[in-house]
Amino acid sequence: MGTAQTDGGARIEYGESGGGPALVLVHGITENRHAWDPILPALEERWGVVAIDLRGHGESERQGPYDPVTMATDVRAVVDDLGLDAPLVVGHSLGGVVVSAYGGAGNPSRGIVNIDQPIALGGFKDALEPLEPMLRGSREDFDTAIGIIFEVLDGPLPAAERERLTALSSPEQEVVLGIWGPVFDTSAEDLDLLAADLSGGIDVPYLSLHGTDPGDDYSDWLRAIVPSSTVEIWPEQGHYPHLTDPDRFVRRLAELDATLT
1 MGTAQTDGGA RIEYGESGGG PALVLVHGIT ENRHAWDPIL PALEERWGVV
51 AIDLRGHGES ERQGPYDPVT MATDVRAVVD DLGLDAPLVV GHSLGGVVVS
101 AYGGAGNPSR GIVNIDQPIA LGGFKDALEP LEPMLRGSRE DFDTAIGIIF
151 EVLDGPLPAA ERERLTALSS PEQEVVLGIW GPVFDTSAED LDLLAADLSG
201 GIDVPYLSLH GTDPGDDYSD WLRAIVPSST VEIWPEQGHY PHLTDPDRFV
251 RRLAELDATL T
């Protein structure tokens, strides 16, 4: 367990385990670093694993703003705190946007992996917008909306694993709206331009791994922004391909890293 301090004074907590080349893990919205627990033993056999609690999540400080660029500075604070030279940086869902922003800002890494989060956020806006009134409503409405969102995303995730993620999750309305508010307040076209600007500086291999097909045009769109990108689809694996088929995920990560080190 470690603590890093950002330039803005936010306290960011992280866990360390294993040994070997550095691997940094960034979780999804409402979750925390323990979302990765089922695959940690396998990861620890190959890598020195650093799992981060983003601000507003887990044991890290509740201090806005909660935008992906600011959260990317949280990741950089941990990397600097540990003196990591060029980690492999992996993010799921919200974490996928955060690690894309981290790489886009030219922060140290040998590769970026984004799990099931298309960074063409215009499509995400279209899917999320019908639930905006509930997300901004009473606590009961907010909780209902969060439940709907994750039920749709789960796909073939085992029921026991959904129960585990639900138990560790902490959906905090202020934090969630701090993250998703700009999605509601920005046009789909401007969101896509923002995503392009956010990720356009990535100059290391970038694997975009999806359990839900992001669409026929997504690979070409992403490659135009990030020439080093590869889009890989694991059909019908849902939003958690790394937890639905963990052995395959660890093997894929090892294959990728073998080309980087």
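Counting from 1, position 245 in the sequence shown corresponds to residue 245 in my numbering; the numbering is continuous, with no gaps.
We put the CB at the ideal spot given by N, CA and C, even for glycine.
For a cut-off of 8 Å, the C-beta gap from W234 to G211 is around 5 Å, short enough to register as a contact. Here DSSP, grouped into helix, strand and coil, assigns Q5 to strand. R251 and G137 have their alpha carbons spaced roughly 43 Å apart. Around the beta-carbon of A127, fewer than 16 other beta-carbon atoms lie within 10 Å, marking it exposed. With respect to the 8 Å criterion, L193 and S208 are not classified as neighbours on the basis of their beta carbons. Pairing D154 with H239 gives a Cβ-Cβ distance under 8 Å. Three or more Cβ pairs drawn from the region 93-103 and the region 114-134 lie within less than 8 Å of each other, which places the two stretches in contact. Only residues of its own chain outside the window of five on either side were considered, and among them A196, S199, G200 have a CB closer than 7 Å to the CB of I225, listed in chain order.
Contact between the region 4-12 and the region 51-71 is present, with at least three C-beta pairs closer than 8 Å. Taking every protein chain shown into account, the CB of G83 has fewer than 16 other CB atoms within 10 angstroms, so this residue is exposed.
In this structure, A22 is the residue among A22, V176, I148 with its C-alpha nearest to the C-alpha of V90.
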